[in-house]
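The numbering of the sequence shown is the working numbering, which starts it at 4 and goes up by one. Cβ atoms here follow ideal geometry from the backbone N, Cα and C, with glycine treated the same way. Keep in mind it's a predicted model, so treat the numbers as computed, not measured. Down below is the structure, laid out as structure tokens.
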Amino acid sequence: MSASSLARQSQLSSGYAVDVWLDVELQPMMKLWQGHGGHSNFFLSEEDAREARGSYQGSMAYKVAEYLWRRAQVAPSEKHGYRSEIVEFVVDMPTPAAIGICHANPALGAGSVLQYYVPDWGGNLYRTGRRHAFQRTSY
Numbered sequence: 004m005s006a007s008s009l010a011r012q013s014q015l016s017s018g019y020a021v022d023v024w025l026d027v028e029l030q031p032m033m034k035l036w037q038g039h040g041g042h043s044n045f046f047l048s049e050e051d052a053r054e055a056r057g058s059y060q061g062s063m064a065y066k067v068a069e070y071l072w073r074r075a076q077v078a079p080s081e082k083h084g085y086r087s088e089i090v091e092f093v094v095d096m097p098t099p100a101a102i103g104i105c106h107a108n109p110a111l112g113a114g115s116v117l118q119y120y121v122p123d124w125g126g127n128l129y130r131t132g133r134r135h136a137f138q139r140t141s142y
């Protein structure tokens, strides 16, 4: 099954509306980010993580995690709320994946984040140890 089909199936089985997904191949040394605390096949782009961390000249880090997760249209955990940290991964080998823009779940937030679905992330992505902690999880 293609990565885009798996991404659609994963969204549906989790109660989310389905975004538009395209199959891609991730190249070695590409960086992706994920919420810390539990794992999934979904990742954020390096660009969206840099914006959240305030890494661009003249920008400021997001103080509240909820802002990022609403842009990613992710529902908070009933038990833990929004994830308070994001962690960096790097691609080791050419890796099949799917890419999409968060927009199908507007009740959860504005969307616009570039998201990746990586079926075999455990075998081809490695955690770098870099992380960003938000000052608060929600408003």
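1) Tell whether a beta-carbon distance below 9 Å holds between L47 and L71.
2) Which of helix, strand or coil does DSSP assign to Y119?
3) Just tell me which of A78, A52 and Q60 has its CA closest to the CA of L18.
4) Please say whether A6 and V27 have beta carbons closer to each other than 9 Å?
5) Taking S58 and F137 to be in contact with their CB atoms under 8 Å, please state how far apart those CB atoms are, rounded to whole angstroms.
6) What three-state label does DSSP hand Q14 in the structure shown?
7) Express the C-alpha separation of E49 and S23 in angstroms, rounding to a whole number.
8) For the putative contact between L135 and I102, defined by C-beta atoms under 8 Å, what is the C-beta separation to the nearest angstrom?
9) So the alpha helix (DSSP H) A52 belongs to, where does it begin and stop?
10) Using 10 angstroms around the beta-carbon of Q76, count the other beta-carbons present and answer buried if the total reaches 16, otherwise exposed.
11) Going by Cα to Cα distance, which pick from L35, S13 and L29 is closest to G132?
12) Quick check on this structure: which residue in S115, T98 and G126 has the alpha carbon closest to the alpha carbon of A52?
13) According to the Cβ coordinates, are P97 and P122 closer than 9 Å?
14) Out of curiosity, what's the CA-to-CA distance linking H42 and Q118?
According to the structure data:
1) yes
2) strand
3) The sequence given here has Gly at residue 18, not Leu. The residue with the shortest Cα to Cα distance from G18 is A78.
4) yes
5) With 8 Å as the limit, S58 and F137 do not qualify as a contact, their Cβ atoms being about 14 Å apart.
6) helix
7) In the sequence as presented, Ser is not what sits at residue 23; that position holds Val. When rounded, the distance between both Cα atoms is 20 Å.
8) A small correction: the amino acid at residue 135 is His; Leu does not occupy that position in the sequence shown. H135 to I102, Cβ: 22 Å. No contact.
9) E49 to R56
10) buried
11) L35
12) S115
13) no
14) 15 Å
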